[in-house]
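Notes follow once the structure below has been shown.
There are 2 protein chains.
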Amino acid sequence: MYRKILMRMRMRMRMMNATRKVVVGWAKEYKRYLSTTTTNQILLSPPLVSVDLPEIWGSTSTLYHHHPSQSPVSHAKIINGKSIAEEITSRVASNVKRMKESIGKVPGLAVILVGQRRDSLTYVRNKIKACEEAGIKSVVAEFPDSCAEEDIMTSLSKFNEDPSVHGILVQLPLPEHLDEEKILNLVSLEKDVDGFHPINMGNLSMRGREPLFVPCTPKGCLELLLRSGVEIVGKKAVVIGRSNIVGLPIALLLQRHHATVTIVHACTKNPERITCEADIVVTAAGVPSLIRSSWLKPGAVVIDVGTCPVEDPSAEYGYRLVGDVCYEEALSIVSAVTPVPGGVGPMTIAMLLCNTLDSAKRLYGFT
Amino acid sequence: MYRKILMRMRMRMRMMNATRKVVVGWAKEYKRYLSTTTTNQILLSPPLVSVDLPEIWGSTSTLYHHHPSQSPVSHAKIINGKSIAEEITSRVASNVKRMKESIGKVPGLAVILVGQRRDSLTYVRNKIKACEEAGIKSVVAEFPDSCAEEDIMTSLSKFNEDPSVHGILVQLPLPEHLDEEKILNLVSLEKDVDGFHPINMGNLSMRGREPLFVPCTPKGCLELLLRSGVEIVGKKAVVIGRSNIVGLPIALLLQRHHATVTIVHACTKNPERITCEADIVVTAAGVPSLIRSSWLKPGAVVIDVGTCPVEDPSAEYGYRLVGDVCYEEALSIVSAVTPVPGGVGPMTIAMLLCNTLDSAKRLYGFT
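Top line first, the protein sequences correspond to chains A and B. Every letter in the first sequence is one number past the one before it in the numbering used here, and letter 290, counting from 1, is 290. Every letter in the second sequence is one number past the one before it in the numbering used here, and letter 81, counting from 1, is 81.
The following block contains the structure:
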């Protein structure tokens, strides 16, 4: 028995060494992947399973260089989400054009809009406009605030069956009387371009699994990080906020990319002390100027998903949009930060276009 | 416009105050829930949606008392998983008896076992034995290592349709040539007592959603914490390991219970420094004695999921089982710790019985 155990342990050691080689190979491959994009490749983010890593404790740490805390930087890089989103949108447009020329089809997006919320109206208008610019066909089904759940379900079912619709989006939040879970679960998995279906969320969270769609805002945040050359593997990331549509999926995504992730939320004690140790901060609390300079580690990279209107008599409409981060304070401390507006916002829409294009490509087997 | 914004802000403040009352009410309700169990209530853990909290930044923190780091304790509480599991199993047994007497049905568990792995054989044997003790009907479908995927799929489909089977369990790991994802996804959602179906995992991760089943080991860990009177809300929790079957779901579960969760994994730099700040440590790395005393905060609560055979000529079979934690070292520092064996292990099986019973209760509408 003793000899058997010993043999098993030796075998395990051999396996670990073999796996270590795999990891080294993977790390090289990952870097190579991120540094090259083919013509048809719009995003930098690779399939999630391709970045999965075997868990070898204590042996992989040497693979990743440790960058000691950087000293305060005077010139933070402003991550220009608007121009990155424009670049992506134009690549989507040329893909759509190529698809149309080659197979006579274009991607189609269907939007379900309930009620007259001003913010929702604005978001939907922007999405439709972006679709038009990229050559994606779009259709909006509008319902009054007081509509019956069944009407939405019927409309959804039609879109699910419509072969010219490749993406379906239910603009959230829905009025209180509607069962959001029930409605979202009805969206065909293959058309769930918002990535909120529990199967997509489950596959986003589990190693070895690939969701058909990653939610747009988290995907946009990741793309901003990758395009800004931010190393994620082994970095301490703090996600502020744990909503189903932003905080949670971005945490899962960073985790799949091998960051050490902490989610800070409203019940967290002393969130400042936790956040100020993070190399990467993604904040989606929706609390204007929550993140002061004391929350940030010198040299950190900050992605600000927050967008809140605050009164400002000097602004054109009496208010302006601000993020979660005290932008001016952050500029003197961090190495890179997204502005609000012009940071994450445009990326969300660009990712929606990507997801819709990907869905159509998948359906038609078009590469 | 200015006035409108102001009005909206005032409205928001009023809503926040209202929500705060809800939170206070919820916190009381939660405590009440945890301190009482009805006759039919086997577990302490409440439905997840019942513990969801509105996210009110900066206003909930006063709800939760901050306990400053405790000084080193000389007498750590040993969390006796074996006796807790026995108590739960006996309550399951009396529920099963009551079900049989009242509607003439008993819960049924089907196990799919592929190959001759010794550990898998042992686990399955223990599960079947526990079922027998609790009066749960069980059936094992055994397949040779070299079996075809189709054979398993056929067997699974039969179990899915069999009305006397309320829980289906595919013993993992499967041999390399089988597609684990494809096989697990075929398990009927209503019978997925292991909770590994992506829909269950997605619903575990999302606020406002309730998975039909929570994976057994994570559920057992939570139950140990609750039964040991460990406060989770607002506590710093570190989960070591990010496997789909333990690390990830326990992190999601603790997060749903409002801990501030960090997942530490093989790519984490300096995991010791992160772990030593945690109030709650759940470790599932599978690395014997990884967690030394320097990794632990005085007064922390430690749940050790690791189980590894290490050679020990003095032991009966030449080896003994050890966890991830240097148990002797931990005893002098932590406030509570689970032993290996006799900690989490028995709880996993007890939770499997609970999930199978719950599934049958759900099907028959039996309370």
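Glycine is no exception: its CB is placed at the ideal position from the N, C-alpha and C atoms. Please read all numbers here as calculations on a predicted model, not as lab measurements.
Between residue i and chain A, is there a C-beta pair that is closer than 8 Å?
i        : result
B/Met201 : yes
B/Thr367 : no
B/Glu161 : no
B/Trp295 : no
B/Leu290 : yes
B/Gln171 : no
B/Ala141 : no
B/Arg362 : no
B/Lys299 : The sequence given here places Gly at residue 299 of chain B; Lys does not occur at that position. It does not; no Cβ of chain A falls within 8 Å.
B/Ile183 : no
B/Pro215 : no
B/Ile112 : no
B/Ser69  : At B/Ser69 the pLDDT is 44, less than 50, meaning the model places this residue with poor confidence; the figure from the coordinates comes in the next sentence. No, B/Ser69 lies away from the interface with chain A (no Cβ there is under 8 Å from its Cβ).
B/Met347 : no
B/Tyr64  : With a pLDDT of 33 at B/Tyr64, under the threshold of 50, the modelled position of that residue is not reliable, and no figure is offered here.
B/Pro198 : yes
B/Ala134 : no
B/Arg209 : yes
B/Gly306 : no
B/Gln116 : no
Can you check whether the CB of residue j is closer than 8 Å to the CB of residue i?
i        : j        : result
B/Thr260 : B/Lys297 : no
B/His75  : B/Leu363 : no
B/Val340 : B/Thr307 : yes
B/Gln171 : B/Ser120 : yes
B/Val301 : B/Ala330 : no
A/Arg415 : A/Leu48  : There is simply no residue 415 of chain A to check, as chain A begins at 1 and stops at 367 in what is shown.
B/Gly241 : B/Ala285 : yes
B/Leu352 : B/Lys77  : no
B/Val140 : B/Ile168 : no
B/Ile42  : B/Asn95  : yes
A/Gly202 : B/Gly202 : yes
Kindly give me the distance between the Cβ atoms of residue i and residue j, rounded to whole angstroms, as I take these residues to be in contact under 8 Å.
i        : j        : result
B/Ile250 : B/Pro218 : 4 Å
B/Leu252 : B/Leu204 : 5 Å
B/Gly195 : B/Pro215 : 4 Å
A/Ala93  : A/Glu142 : Actually they are not in contact, since the Cβ atoms of A/Ala93 and A/Glu142 sit about 26 Å apart, beyond 8 Å.
B/Gly234 : B/His258 : 6 Å
B/Ile280 : B/Val325 : That belief does not hold up - the Cβ atoms of B/Ile280 and B/Val325 are roughly 13 Å apart, past 8 Å.
B/Gly135 : B/Lys105 : Not a contact, Cβ separation roughly 11 Å.
Counting only the same chain and skipping the five closest in sequence on each side, list residues whose C-beta sits under 6 Å from that of residue i.
i        : result
A/Lys82  : Gly342 and Pro346
B/Ser164 : Gly108
B/Ala85  : Pro346, Met347 and Ala350
B/Arg207 : Asp52
A/Asp192 : Asn200 and Phe213
A/Ala360 : Pro107 and His166
B/Cys131 : Leu109 and Ser138
B/Val239 : Gly247, Ile250, Ala251, Ile263 and Val282
Keeping to the same chain, check which residues put their C-beta closer than 8 Å to that of residue i; ignore five residues upstream and five downstream.
i        : result
A/Asn185 : His197 and Pro198
A/Tyr319 : Pro309, Val310, Glu311 and Asp312
A/Arg117 : Pro173
Using a Cβ cut-off of 8 Å (strictly closer), state whether residue i contacts chain B.
i        : result
A/Leu248 : yes
A/Val261 : yes
A/Glu328 : no
A/Glu55  : yes
A/Ile266 : The sequence shown places Ala at residue 266 of chain A, rather than the Ile named in the question. Yes, because at least one Cβ of chain B sits closer than 8 Å to the Cβ of A/Ala266.
A/His269 : Before going further, note that residue 269 of chain A is Lys rather than His in the sequence given. Interface residue, yes.
A/Pro341 : no
A/His258 : yes
A/Ser50  : no
A/Thr60  : Annotation note: pLDDT 36 at A/Thr60 (below 50); position unreliable, coordinate value reported separately. Chain B contact via Cβ: present.
Could you name the residues of the same chain whose beta carbon sits closer than 7 Å to that of residue i, not counting the 5 residues immediately before and after it, in chain order?
i        : result
B/Ser294 : Glu272 and Cys276
A/Pro175 : Val114, Gly115 and Asp145
A/Asp179 : Glu149
A/Ser90  : none
Legend entry - Inter-stretch contact (C-beta, 8 Å, three-pair minimum) for the segment 112–127 of chain A and the segment 148–158 of chain A: yes
Inset, instruction - Decide if the segment 262–274 of chain A is in contact with the segment 208–222 of chain A; the criterion is three or more beta carbon pairs, one per stretch, under 8 Å apart. - result: no
Inset, instruction - Give a yes or no on contact between the segment 268–281 of chain B and the segment 307–319 of chain B, applying the rule of three or more CB pairs nearer than 8 Å. - result: no
Inset, instruction - Could you tell me whether the segment 321–339 of chain B touches the segment 350–365 of chain B, where touching means 3 or more Cβ pairs closer than 8 Å? - result: no
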